[in-house]
Each structure stands twice: as structure tokens, then as C-alpha cells.
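Numbering-wise (the numbering used here), the sequence shown opens with residue 5 and increments by one.
Glycine residues also receive a C-beta, built at the ideal position from the N, C-alpha and C atoms.
This one's a predicted model, so the numbers in the text were calculated from it and none came from an experiment.
Working notes, structure below.
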Amino acid sequence: MPAQRKSAFPPSVDETTQLLILGSLPGDASIKQGEYYAHRGNAFWALMGDILGEDLRAAPYALRLKRLRARGVGLWDVIESADRPGSLDSAIRGAELRDLNSFIARLPALRAIAFNGKAASMHGRRQIGAGAPALTLIDLPSSSGANAMLSREMKVDAWRVLRKWIAQP
5 MPAQRKSAFP PSVDETTQLL ILGSLPGDAS IKQGEYYAHR GNAFWALMGD ILGEDLRAAP
65 YALRLKRLRA RGVGLWDVIE SADRPGSLDS AIRGAELRDL NSFIARLPAL RAIAFNGKAA
125 SMHGRRQIGA GAPALTLIDL PSSSGANAML SREMKVDAWR VLRKWIAQP
């Protein structure tokens, strides 16, 4: 399958965002549906539902984003666009990276950035460098179904660290 240039979504943040979760680049199912983490095998919405104590998977997409923002959680990706056949991060080539430092400078309440998976962490940490010394940077195991090395329970345990930066209802 030939590589196709794929582009990321706009951020889902506001001035109250305390925790920014950064993925790498939306997969094909997400791009097709125009929704973050749309592939049914991706555990993101189930993991965040466990963390927030509510069933986000059953909610319409717009409400999911609204519920995250209400709890101070924003979403974005570290890659603006890239060539990639399929959806695997390992297939990403020619990545055009975001200007994360300029972006996070516009989020006055931001306290932590969590990277969803190794590719997001690698690209994100390289971009941020020492530019965000007041922020906590967190590496999470990927929520992708392709990350089968960890059980769902192990992922939930790892993602629970996010509770420290999520606003209470």
C-alpha cells in the first residue's frame, strides 16, 4: 500500500486546560470519521472513562470532548501531517511536526502533558525540550489496539497517574 499524506485534527482545548494529552497522528478510522480515537480497538475513550468515572464510550463524540474539557483535559497530536500507509506509528515518514512550545504557551492553566504512546513521546519531548520546565511530562502506554503487549488492566493502572491533573466535577 502506498503512503498517503495524512493530516491531524485541530486541538480540543480551552483556557482551562490543565492536562494536555498528545497522540502522534490520527489513524485511518479516526481520519475517516473526523474523531480522535475512533477505531473501535483503541482503548482511549474506555481508559479516560475509567479515569473520569463515567462511560465516555456511550456518549456522542461532541459530548466526549465537552466532558474532557469540563475536567481540564485537552487533546491534540504532535504531528501536523505525515506520509503513512495504514495507521501504524511505525509507518510514519516525512513527519511535519507541530510547534508545541508556541501552542502550550497559549494555555495558561496547563500543568502537565501526557504522551499517548512512544511515537508521541519521542516527537513531543524532542519538540518541547527544556522549553517547558514548569510542566510535568508523562509517558503513557499507547491506547491503540496495536499495543497488545499490555493488558487493558495494565493500561488502566498506568493511565491512573493522570488523575492528579484532572479537575474534579
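Just measuring C-alpha positions, the residue of D18, G149, I142 and S148 sitting nearest R167 is I142.
In this structure N105 is exposed. Its beta-carbon is surrounded by fewer than 16 other beta-carbon atoms within 10 angstroms. The beta carbon of A124 sits closer than 6 angstroms to the beta carbons of L26, G27, S28 and V82 from its chain, once the five residues preceding and following it are set aside; these are given in chain order.
In this structure, DSSP gives A66 a helical state, which the three-state scheme calls helix. Pairwise C-beta distances place the region 11-22 in contact with the region 62-82, as three or more of them are shorter than 8 angstroms. The region 151-162 and the region 126-134 do not touch, with fewer than 3 CB-CB distances between them shorter than 8 angstroms.
The alpha helix (DSSP H) runs of length 4 or more contained entirely in the region 12-90 are, from start to end of the chain, 32-37, 48-56 and 65-74. T21 sits buried, since 16 or more C-beta atoms from the chains shown fall within 10 Å of its C-beta.
D143 sits in a strand when the DSSP states are folded into three classes. As DSSP reads the structure, R9 sits in a beta bridge with D87. Non-local C-beta neighbours of A86 in its own chain, meaning closer than 8 angstroms and more than five positions away in sequence, comprise R9, K10, L29, I96, R97, G98, A99 and E100, ordered along the chain. Assignment of A138 by DSSP, reduced to helix, strand and coil, places it in the coil class. M158 counts as exposed, since fewer than 16 other beta carbons sit within 10 angstroms of its beta carbon. For the 8 angstroms CB-CB criterion, V160 and D54 form a contact. Boundaries of the beta strand (DSSP E) harbouring L101: R97 to L101, taken from the DSSP string. Residue state for I132 is assigned as helix, using DSSP reduced to three classes.
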